[in-house]
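Comments concern the structure below.
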Amino acid sequence: MRDFVLVFDQNLPEEDQNSFFEKLEVQPQSKLSFDQFNLQDYSSKDNILFWVSDEQSKKIIEEANENSPSIAFLPHPELILIAKSLGVASSKEKAFNHFLEAEEVEVFDLLEINGELCMNSLVIGESLSILYDSFENNFFQNLKERFRRFLKLFRRVKLKSHKITYGKEEEKTIEIAAMGILAVSHCESNLIFKRVIKDSGLNEALMHVIILAPKSLFSIIRFGLQNLFFPIKGSAIPDFLSYISTEKMTIESEEEFTFASDGQENKSQKLELGISKNKVRIFSDFDSSKEKEEKKKELNVSSLPMGKLRTELTKGYLPWVRHATSEEFKELFTLLKKNSQTSSTYLVLMALSTMIATFGLFGNSGPVVIGAMILAPLMGPIISLAMGALRQDGILIKNSLITIFWGVVLGIIFAVFITWLTPLKTMNSEILARIRPNLLDLGIAVASGIAGAYAHSKEEIAKTLAGVAISVALVPPLAVAGIGLGWGNWNVFWGASLLLGTNLAGIVMAAALTFMLLGFSPFRLAKKGILISVGILILVTAPLVLSFREMVRENQLIQQLSGKEIPHGLLRDVKVIGLSPLRLSVTILSDHELSNQDFKEIKEEIEEKIQQPIELELTLGVKLFD
700 MRDFVLVFDQ
710 NLPEEDQNSF
720 FEKLEVQPQS
730 KLSFDQFNLQ
740 DYSSKDNILF
750 WVSDEQSKKI
760 IEEANENSPS
770 IAFLPHPELI
780 LIAKSLGVAS
790 SKEKAFNHFL
800 EAEEVEVFDL
810 LEINGELCMN
820 SLVIGESLSI
830 LYDSFENNFF
840 QNLKERFRRF
850 LKLFRRVKLK
860 SHKITYGKEE
870 EKTIEIAAMG
880 ILAVSHCESN
890 LIFKRVIKDS
900 GLNEALMHVI
910 ILAPKSLFSI
920 IRFGLQNLFF
930 PIKGSAIPDF
940 LSYISTEKMT
950 IESEEEFTFA
960 SDGQENKSQK
970 LELGISKNKV
980 RIFSDFDSSK
990 EKEEKKKELN
1000 VSSLPMGKLR
1010 TELTKGYLPW
1020 VRHATSEEFK
1030 ELFTLLKKNS
1040 QTSSTYLVLM
1050 ALSTMIATFG
1060 LFGNSGPVVI
1070 GAMILAPLMG
1080 PIISLAMGAL
1090 RQDGILIKNS
1100 LITIFWGVVL
1110 GIIFAVFITW
1120 LTPLKTMNSE
1130 ILARIRPNLL
1140 DLGIAVASGI
1150 AGAYAHSKEE
1160 IAKTLAGVAI
1170 SVALVPPLAV
1180 AGIGLGWGNW
1190 NVFWGASLLL
1200 GTNLAGIVMA
1210 AALTFMLLGF
1220 SPFRLAKKGI
1230 LISVGILILV
1240 TAPLVLSFRE
1250 MVRENQLIQQ
1260 LSGKEIPHGL
1270 LRDVKVIGLS
1280 PLRLSVTILS
1290 DHELSNQDFK
1300 EIKEEIEEKI
1310 QQPIELELTL
1320 GVKLFD
């Protein structure tokens, strides 16, 4: 059993003191009030149990050293900061038993800031409440609390520039933009740090620092949205969080910044952080055995905003979408500039892909048309055009448009030539599908544009796959336009040309928006190009809306009639030939012979069913089974 001295706060109510003293199963060697206690009267062999406030506790810890007695703390109404830092149990009985049962007392690392003791944590700038757990037990209360924290994310955020020097043997210096910096002497009392590094010891002579450096508001909101429905578990941390463990650190800034040490706010241009040289032995409820585990020294430090990105992010408020780094943009821009040039390889592949597509359309063969899409090189100049429109780059826009123009002209020439050589003059399903464009086709174009831009921005994605998606929207209508021109059928030509133009505008707009969201252009620069693309898209979309409405109306009529019983039989194979006037082709299945009078009555029965007059092409089907 451990011998100890009990030191209590003389300001506690006398009845509380007496009540607690009576309940002690193991009595102390002596009981002293704090104003009577002198730390120098005791040696390193003694054990002192304190029942005091934060202010009194901090005085004792600041005065203690390696020759001082081992110290422990009981919960006190005003012991909040120290209790959190040391893991003091909320129950006096539980904390007292832990003190008696502890086998040994570990040296406890203490953080110093500009030479002053920091018991809990240092916070510079802002921290994010979504990184902390909600302590509500009820599921709906927990969800409500997370939702409240999520709403707080929708605000303007400003990053500050900091120069950070850390390390003892190998000193490193980084200049970064950060939203907030958090530092503690050990990770056990702070949930964020416990998620980053689970196995932090209490006497490893290292401080632990977390840097919050989001590159966009969207990254914060995305993480908040994820945490709203799927609360953070284990070591799940956002990608804008970086971690450093080090013996010492200096944080500097050209301007004064606000910081809070143990909740007390102050301002400074320079902070020097380090682990206190005073080795104080303190009883703690934290697990001290973790110190033997191997620790991470750094995490995500290379992803911190530095260089030009740091300068850009600290000019104003944090942008909604991230800015691509100069290295990312330089590599992509070089590729797009190359793709915007008209080359012999591009023209040959364009001619061959259109030829294959035209043969496939005449043969009513989907697989052959798909083969043409794989070969088509249209993605390169179209994605270059999207980037040129986004960044208002006149040369890139001009070169891309010229390349697209020659590709389209060459494709139509070869499609017309093959049409003249082919004796077929019948429109099959593959051709008909490209002369009545609607909003569904625009949806394909938009998705293709997003795929193309995303593939160009990510090295790990094969660009040929996205190229196929773009060709799906462009090569078949280009070939059909050539077929219509070869036949002299202007309805086919204009229908396919409308689909080609709409899809081209949709792809460019979607690709430009995707590049903007990926951070390859600030909105102030991209606004004009985006507005022009949207304007063109709206103009070419108007006919598609009308066409889509007609398609919906046709489907509604077919659903109203197909498979329905009328007095003269069963309606089958309903087709809409025209809408103005409404002309239908219908098969009537009957078990007896029908006369001309019956046919007139069938027309009237159908008109009554759909509540509008029709022109009817009727096919008779005879039922020969029971």
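Mapping of the sequence shown onto the numbering used here: position 463 corresponds to residue 1162, and the numbering continues sequentially without gaps. We put the beta carbon where it would ideally sit given N, CA and C, even for glycine.
Q. According to DSSP, is Phe-703 helix, strand or coil?
A. coil
(Q) Along the chain, where does the beta strand (DSSP E) containing Val-1273 start, and where does it finish? (A) 1268-1278
Q. In the structure shown, what three-state DSSP assignment does Lys-857 receive?
A. strand
**Q.** Residue range of the unbroken alpha helix (DSSP H) whose run includes Ile-1134
**A.** Note, Ile-1134: premise wrong, no alpha helix (DSSP H); not H, not E.
Q. Who pairs with Leu-956 in a beta bridge, going by DSSP?
A. It should be pointed out that residue 956 corresponds to Phe in this sequence rather than to Leu. Residue pairing for Phe-956: DSSP places it in a beta bridge opposite Ser-967.
(Q) Quick check on DSSP: helix, strand or coil for Thr-1318? (A) Annotated three-state conformation of Thr-1318 is strand, per DSSP.
Q. Looking at the unbroken alpha helix (DSSP H) that takes in Ile-1111, where does it start and where does it end?
A. 1093-1120
(Q) At the level of alpha carbons, what is the spacing between Thr-1102 and Arg-1009? (A) 37 Å
Q: Compute the Euclidean distance between the alpha carbons of Pro-1004 and Ser-1156, then round it to the nearest angstrom.
A: Pro-1004 and Ser-1156 have their C-alpha atoms spaced approximately 19 Å apart.
Q) Under a three-way DSSP split, which group does Leu-778 fall into? A) In the structure shown, Leu-778 falls within a coil segment according to DSSP collapsed to helix, strand and coil.
Q) For Glu-811, which beta-bridge partners are listed by DSSP? A) Leu-816, Gly-973
Q: Just confirm the distance between the C-beta atoms of Lys-871 and Tyr-865, as a whole number of angstroms; I'd bet it's less than 8 Å.
A: 6 Å
(Q) For Leu-1270, tell me which candidate among Val-787, Ile-823, Glu-1304 has the shortest Cα-Cα distance. (A) Glu-1304
Q) Would the stretch 1309-1321 and the stretch 1274-1282 be scored as touching if the rule is three or more Cβ pairs under 8 Å? A) yes
Q) Straight-line CA distance for Leu-1317 to Glu-1307? A) 16 Å
Q: Answer yes or no: do Glu-765 and Lys-978 have a C-beta to C-beta separation smaller than 8 Å?
A: With respect to Lys-978, Glu-765 sits close: the two C-beta atoms are nearer than 8 Å.
Q) So Thr-1057 and Ala-1132 are in contact, right, with Cβ under 8 Å, and what is the actual spacing, rounded? A) With 8 Å as the limit, Thr-1057 and Ala-1132 do not qualify as a contact, their Cβ atoms being about 15 Å apart.
Q: Using the Cα positions of Phe-719 and Pro-712, report the straight-line distance between them to the nearest angstrom.
A: 11 Å
Q: Classify Glu-800 as helix, strand or coil using the three-state DSSP reduction.
A: helix
Q. How is the alpha helix (DSSP H) around Thr-872 delimited, first residue to last?
A. Premise fails: Thr-872 lies in the beta strand (DSSP E), 871-877, not in any alpha helix (DSSP H).
Q: Indicate the three-state DSSP secondary structure (helix, strand or coil) for Ser-918 in the structure shown.
A: helix
(Q) Beta-carbon within less than 7 Å of Ser-732's beta-carbon, same chain only, minus the 5 sequence neighbours each way: which residues are those? (A) Phe-707, Gln-709
Q: Please look up how many angstroms separate the CB atoms of Ser-743 and Phe-749, rounded, as I've assumed it's under 8 Å.
A: Their Cβ separation, rounded to whole angstroms, is 17 Å, which puts Ser-743 and Phe-749 out of contact at 8 Å.
Q) What whole-angstrom Cβ distance do Pro-774 and Ala-794 have, given they're in contact under 8 Å? A) 6 Å
Q) Would Phe-807 pass as a contact of Val-787 if the rule is Cβ separation under 8 Å? A) no
Q: Go ahead and label His-907 buried or exposed: buried means 16 or more other beta carbons lie within 10 angstroms of its beta carbon, across all protein chains shown.
A: buried
**Q.** Buried or exposed by the 16-neighbour rule on C-beta atoms within 10 Å, applied to Val-1191
**A.** By the beta-carbon neighbour count (other beta carbons within 10 angstroms, threshold 16), Val-1191 is buried.
Q.
For the alpha helix (DSSP H) containing Ser-1052, name the first residue and the last one.
A. Segment 1043-1061, the alpha helix (DSSP H) holding Ser-1052.
(Q) Using only the alpha-carbon positions, how far apart do Pro-1332 and Glu-1030 sit? (A) In the structure as shown, the chain begins at 700 and stops at 1325. Residue 1332 is therefore absent and cannot be evaluated.
Q.
Relative to the C-alpha of Ile-759, which candidate in Ile-981, Val-1174, Phe-703, Pro-1176 has its C-alpha closest?
A. Nearest option by C-alpha distance: Ile-981.
Q | Nearest-angstrom beta carbon gap, Asn-1127 and Pro-1080 [assumed within contact, 8 Å] | A | About 30 Å; that fails the 8 Å criterion.
Q.
What would DSSP say about Phe-1219, mapped onto helix, strand or coil?
A. coil
Q: May I have the straight-line CA-CA distance separating Trp-1189 from Leu-1236, to the nearest angstrom?
A: 23 Å
Q: Along the alpha helix (DSSP H) that carries Leu-1089, what are the first and last residues, could you check?
A: According to the DSSP assignment, Leu-1089 belongs to the alpha helix (DSSP H) that extends over 1078-1090.
Q | Integer-rounded CB distance, given that Asn-1202 should sit under 8 Å from Leu-1243 | A | That pair is no contact at about 10 Å.
Q: Identify every run of the beta strand (DSSP E) within the stretch 1176-1262, keeping only runs that are complete inside it and at least 3 residues long; order them along the chain.
A: none
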